[in-house]
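Worksheet for the structure shown next.
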Amino acid sequence: MAENDSSQEKSLDATPEKIRKARKKGDIFRSKELGSALAMLGTALGLKLFIPMMATHLEGLLSFNLRYSHKALFDNQRLLAHIGQAFCDFIGLVLPMLLLLKILSIAGGLLIGGLNFSAESLKPSAKKINPLSGFKRMFGMKSLVELVKSFFKVLLVCFTLYFVMRSDMPTILSLNRYPLDLALLQFNQLLWHGFFIMSLSLVLIAVLEIPYQRWEYYKKLRMTVQEAKDEYKEIEGKPEVKAQLRRRQKEMSRRRISQAVQDSNAVFVNPTHYAVAIRYKPEKDAAPVLVAKGVDFMAEQIRQEAQRHKTMVLTIPDLTRSIYYTTKLDQSIPVELYHAVALILVYVKRINEYQGGRGVKPSLPHYVIPDYLQY
-7 MAENDSSQEK SLDATPEKIR KARKKGDIFR SKELGSALAM LGTALGLKLF
43 IPMMATHLEG LLSFNLRYSH KALFDNQRLL AHIGQAFCDF IGLVLPMLLL
93 LKILSIAGGL LIGGLNFSAE SLKPSAKKIN PLSGFKRMFG MKSLVELVKS
143 FFKVLLVCFT LYFVMRSDMP TILSLNRYPL DLALLQFNQL LWHGFFIMSL
193 SLVLIAVLEI PYQRWEYYKK LRMTVQEAKD EYKEIEGKPE VKAQLRRRQK
243 EMSRRRISQA VQDSNAVFVN PTHYAVAIRY KPEKDAAPVL VAKGVDFMAE
293 QIRQEAQRHK TMVLTIPDLT RSIYYTTKLD QSIPVELYHA VALILVYVKR
343 INEYQGGRGV KPSLPHYVIP DYLQY
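Each step along the sequence shown adds one to the number in this note's numbering, with nothing skipped, and position 62 is 54.
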């Protein structure tokens, strides 16, 4: 069977069940480039948002360390306290940026693929340490494609960095002529500008690569005809799936019966075992049509739908059985029953008129059913 599967072409798209199993194993569609681009963009936005605070803290941190007295270097307690204070100031300086980067890196992972935790990906596997498999991954076609993509990515980033540095070089060379506070502020502005342009190049790379990565991911999950057949047999054999299919079938049947009874003129019953719904609309029906029928549970459901839609229910055992056994759904009743059904439908019309305050109360008409149509 395995040889047959390997020889068959994977021509079918992955089914929802195949994708679900892949997610369970931790194999989901992710974009590493998008996470990197968002992290870089977060760095640029962080520099823009926190530039004034960072410049002030950095100036104070530099002043705090440069003004430390020479004699205090030989006092271990004062030195440790100074180092601890400098470390706390440094953490306060970079903590907002680190939090922003962490949030954006998590968001980049969740943006494509969503939240997914798989314990199976943590299980040890011989394939992961198999030298032959590792050799194939290193020198396979996929690795070659990744190498070419990485080369063009680095090339684009280098060109972007070159043009950024070239445009900002006069400002960089003139920083030594600024006071310390203005120099730090200008330096942060340059960092913001450089990170922002770099992040835009990474976003461009991610946007261009996501369609290819998506196509490659779903291509990897494609199935052979035999795999699709085996999966269908596996799913059909699950009790919970069968129960779900039965529920869906019952719901679809209930909806169809509800619509059919709502469109019908009357419902004939046995009264307990059989029920049929008859529709006759002169503008579209050449003869009375059977739109719903059922026995036992289905008959009870038809009666309930008739009560819900206020469709008249008539207890006519012989005519009900005749229509049930001689007529298929959505087909006209036999010609031999035209007269009997016509009398009943006229009776229904007069009952409705009587209940509306017009005419006198009619009585159930007498009709004849041929012997060969009686059940």
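Beta carbons are placed, not taken as given, at the ideal position from N, Cα and C, and that holds for glycine.
What is the DSSP secondary structure of residue i, reduced to helix, strand or coil?
i: residue 260; result: strand
i: residue 359; result: coil
i: residue 34; result: helix
i: residue 97; result: helix
i: residue 6; result: coil
i: residue 20; result: coil
i: residue 339; result: helix
i: residue 320; result: coil
i: residue 303; result: coil
i: residue 266; result: strand
i: residue 281; result: strand
i: residue 271; result: strand
i: residue -5; result: Because residue -5 sits at a pLDDT of 44, beneath the cut-off of 50, its placement in the model cannot be relied upon, and the following sentence gives the value as read from the coordinates. If DSSP states are grouped into helix, strand and coil, residue -5 belongs with the helices.
i: residue 352; result: coil
Among the options, whose alpha-carbon lies nearest the alpha-carbon of residue i?
i: residue 336; options: 96, 259 and 265; result: 259
i: residue 320; options: 154, 99, 286 and 208; result: 286
i: residue 40; options: 179, 201, 154 and 11; result: 179
i: residue 181; options: 191, 194 and 164; result: 164
i: residue 46; options: 177, 314, 189 and 353; result: 177
i: residue 78; options: 92, 54 and 89; result: 54
i: residue 307; options: 257, 137 and 261; result: 261
i: residue 24; options: 15, 102, 72 and 71; result: 102
i: residue 277; options: 324, 245, 351 and 239; result: 324
i: residue 27; options: 94, 350, 8 and 300; result: 94
i: residue 82; options: 71, 351 and 51; result: 51
i: residue 8; options: 34, 245, 140 and 213; result: 213
i: residue 34; options: 186, 274 and 302; result: 186
i: residue 194; options: 223, 272, 226 and 145; result: 145
Tell me, to the nearest whole angstrom, how far the beta carbon of residue i is from that of residue j; I am working on the premise that it is less than 8 Å.
i: residue 294; j: residue 280; result: Not quite, the Cβ-Cβ distance comes to about 16 Å (not below 8 Å), so this is no contact.
i: residue 197; j: residue 148; result: 7 Å
i: residue 297; j: residue 250; result: 5 Å
i: residue 32; j: residue 159; result: That pair is no contact at about 19 Å.
i: residue 318; j: residue 365; result: 6 Å
i: residue 10; j: residue 215; result: 6 Å
i: residue 84; j: residue 49; result: 7 Å
i: residue 167; j: residue 175; result: 5 Å
i: residue 89; j: residue 42; result: 7 Å
i: residue 333; j: residue 284; result: Residue 333 to residue 284, Cβ: 15 Å. No contact.
i: residue 359; j: residue 331; result: 7 Å
i: residue 206; j: residue 21; result: 6 Å
With contact counted as at least three CB pairs below 8 Å, one residue from each stretch, are the segment 337 to 354 and the segment 287 to 295 in contact? Cβ pair count under 8 Å is below three, so no.
Which runs of the alpha helix (DSSP H) at least 4 residues long sit entirely within the segment 190 to 255? Give them in chain order. Qualifying alpha helix (DSSP H) stretches, in chain order: 217 to 228 and 231 to 255.
Say whether the segment 305 to 321 touches the segment 260 to 267, bearing in mind that this needs 3 or more beta-carbon pairs closer than 8 Å, one atom from each stretch. Yes: the two stretches touch, three or more of their Cβ pairs being nearer than 8 Å.
Three or more C-beta pairs below 8 Å linking the segment 209 to 224 and the segment 4 to 16: The answer is yes - the segment 4 to 16 touches the segment 209 to 224, with three or more Cβ pairs under 8 Å.
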